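Read in order, the letters of the sequence shown correspond to residues 10 to 363 in our numbering.
Down below is the structure, laid out as structure tokens.
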Amino acid sequence: MRGQTSRGGAGRRARHRCDGCWREQPHERQYAESCGSAPQFRPHPRAAGASRQESGCRRAHRRSAAWSDDPVPDLSRADALMWRERLAARVTPDLPDRVADTQGGEFGTLIPADKEWPAGLDDLGERAPYLLWTRGATSSLTAALSDRVTITGSRASTSYGEHVAGELATGLADEERVVVSRGAYGIEGAAHKSVLAASGQTIAVLAGGLDRPYPAGHSELLGRIGDVGLLVSELPPGAAPTRHRFPARNRLLAALSGATVIPEAGPRSGTMTTVIAAHVLGRGVGAVPGPVTSATSSGANQLIRQGFAQLITEPSELLVLLDADEVSSRAATVPGVRQQFDRRPQRGRAGRSL
Numbered sequence: 010m011r012g013q014t015s016r017g018g019a020g021r022r023a024r025h026r027c028d029g030c031w032r033e034q035p036h037e038r039q040y041a042e043s044c045g046s047a048p049q050f051r052p053h054p055r056a057a058g059a060s061r062q063e064s065g066c067r068r069a070h071r072r073s074a075a076w077s078d079d080p081v082p083d084l085s086r087a088d089a090l091m092w093r094e095r096l097a098a099r100v101t102p103d104l105p106d107r108v109a110d111t112q113g114g115e116f117g118t119l120i121p122a123d124k125e126w127p128a129g130l131d132d133l134g135e136r137a138p139y140l141l142w143t144r145g146a147t148s149s150l151t152a153a154l155s156d157r158v159t160i161t162g163s164r165a166s167t168s169y170g171e172h173v174a175g176e177l178a179t180g181l182a183d184e185e186r187v188v189v190s191r192g193a194y195g196i197e198g199a200a201h202k203s204v205l206a207a208s209g210q211t212i213a214v215l216a217g218g219l220d221r222p223y224p225a226g227h228s229e230l231l232g233r234i235g236d237v238g239l240l241v242s243e244l245p246p247g248a249a250p251t252r253h254r255f256p257a258r259n260r261l262l263a264a265l266s267g268a269t270v271i272p273e274a275g276p277r278s279g280t281m282t283t284v285i286a287a288h289v290l291g292r293g294v295g296a297v298p299g300p301v302t303s304a305t306s307s308g309a310n311q312l313i314r315q316g317f318a319q320l321i322t323e324p325s326e327l328l329v330l331l332d333a334d335e336v337s338s339r340a341a342t343v344p345g346v347r348q349q350f351d352r353r354p355q356r357g358r359a360g361r362s363l
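Listed below in structure tokens is the structure:
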């Protein structure tokens, strides 16, 4: 599997689902559309008035990009103007060349109609990405949801947290499970490195374009993951990893895996937005207890104490979270998760993606 890049049909025509209507679309056009509108929080054209019976979504994008004043079917004049203004700053004359460069390079693309598209992302509903950029073996996305585990946590980690993250990641690799993380410093870097050392499979979800690895200090690590594992982003090459894109990425981490585990994190850590997303999606959440004197373990300890996460001390306990029968019903067993974390200071609210 390693070293083989599936391009998800890049350059060919593919069927694309847009909220109930189907239309033949080339990947290049979908790339142009993803560049023309922000993928995380843009209002869907149907939400702006497009009819389910008509393929107004694609017509809205295409005709808005044409810089004309012609009416857009199923959209009001105000809504059409909104889309034209948004696209005007993004659809530049060099866009066709940018499309050709990326499609012919080392990066591939996936859309929901592709067989490699991870089905777990469909659980995000309107917040699901329209397109994924990939580098590496996309076959790891076709495995069952229970075959992938997200490990996330504090960047300012301790040696204890990194050791625990490494042990969990190695145990998952030995069980042929795929470890999903973000390639960040601290807990996540330790998890990726341990999986690679064990010759396992790992996926790094980036907050910017795949040609702009971040953090820069992990460029070599991310390059290695792209060579033998998989890099994924919902943003096109060239997109900068700006501040608002980091929390938006967390919904993908939660949706890609059957369970999320936090080896170490503080109570205000951005990791908590992944916890919220995982619970909303009905995924399992685990946390590793840490010293009561350690601020970096206080978030994980709080999750366990309040019943929002199962206590995890070894890989075998983490595998229990992946039981398919439990995952589907877990969202209803722990009510009030989002309300509890909504009480955090305003500083943490920007990261909420669900």
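C-beta: ideal position from N, C-alpha, C; glycine also.
Note that the structure is a prediction, hence the values are computed from the model and not measured.
Assign residue i to one of three DSSP states: helix, strand, or coil.
| i | result |
| --- | --- |
| V214 | strand |
| W142 | strand |
| V158 | strand |
| Q311 | helix |
| V301 | coil |
| V270 | strand |
| V237 | helix |
| G134 | helix |
| A165 | coil |
| A296 | strand |
| L331 | coil |
| L205 | helix |
| S148 | helix |
| V284 | helix |
| V187 | strand |
| L231 | helix |
| G180 | helix |
| G175 | helix |
| L96 | helix |
| L90 | helix |
| L320 | strand |
| S85 | coil |
| L119 | strand |
| S325 | helix |
| S278 | coil |
Count the other CB atoms within 10 Å of the CB of residue i; is the residue buried (16 or more) or exposed (fewer)?
| i | result |
| --- | --- |
| D131 | exposed |
| A296 | buried |
| K202 | buried |
| D351 | Bear in mind that a pLDDT of 42 at D351, under 50, signals an unreliable position, so the number given afterwards is only what the model happens to contain. The residue is exposed, with fewer than 16 neighbouring Cβ atoms inside 10 Å. |
| T157 | Looking at the sequence provided, one finds Arg at residue 157 rather than Thr. It counts as buried. |
| P80 | exposed |
| T211 | buried |
| E171 | buried |
| Q315 | exposed |
| T147 | buried |
| H253 | exposed |
| E229 | exposed |
| A97 | exposed |
| P102 | exposed |
| T269 | buried |
| A225 | exposed |
What distance in whole Å lies between the Cβ atoms of residue j and residue i, which are believed to be in contact at a cut-off of 8 angstroms?
| i | j | result |
| --- | --- | --- |
| A263 | A286 | 4 angstroms |
| P324 | L177 | 6 angstroms |
| V187 | I160 | Going by Cβ atoms, the distance from V187 to I160 rounds to 11 angstroms, so no, they are not a contact pair. |
| A274 | T305 | 7 angstroms |
| R221 | A193 | Actually they do not touch by this definition, with Cβ atoms about 15 angstroms apart. |
| E125 | T151 | 6 angstroms |
| E197 | G162 | 7 angstroms |
| L239 | G145 | 4 angstroms |
Output the distance between the C-alpha atoms of residue i and residue j, rounded to the nearest integer angstrom.
| i | j | result |
| --- | --- | --- |
| G218 | L181 | 28 angstroms |
| I313 | P300 | 13 angstroms |
| G279 | P245 | 23 angstroms |
| R292 | L327 | 12 angstroms |
| S149 | T283 | 21 angstroms |
| A174 | D123 | 33 angstroms |
| D236 | T143 | 11 angstroms |
| R164 | S155 | 26 angstroms |
| R86 | P121 | 30 angstroms |
| I234 | D88 | 42 angstroms |
| S303 | G195 | 15 angstroms |
| V100 | D332 | 45 angstroms |
| D106 | G117 | 16 angstroms |
| A216 | P138 | 13 angstroms |
| A200 | P298 | 17 angstroms |
| V241 | R191 | 10 angstroms |
| L84 | G134 | 21 angstroms |
| L231 | R93 | 36 angstroms |
| R136 | A206 | 34 angstroms |
| V294 | S266 | 10 angstroms |
| R260 | V204 | 22 angstroms |
| S168 | P272 | 11 angstroms |
| L330 | D183 | 17 angstroms |
| A153 | L90 | 42 angstroms |
| E6 | P127 | Because the chain is modelled from 10 through 363, residue 6 falls outside the range shown and cannot be assessed. |
Is residue i near the ligand ADP, judged by its Cβ being under 7 angstroms from some heavy atom?
| i | result |
| --- | --- |
| D106 | No copy of the ligand ADP occurs in the structure displayed, which carries no ligand at all. |
With a threshold of 8 angstroms between beta-carbons, can residue i be considered close to chain B, or not?
| i | result |
| --- | --- |
| P222 | No chain B appears in this structure, which consists of one protein chain only. |
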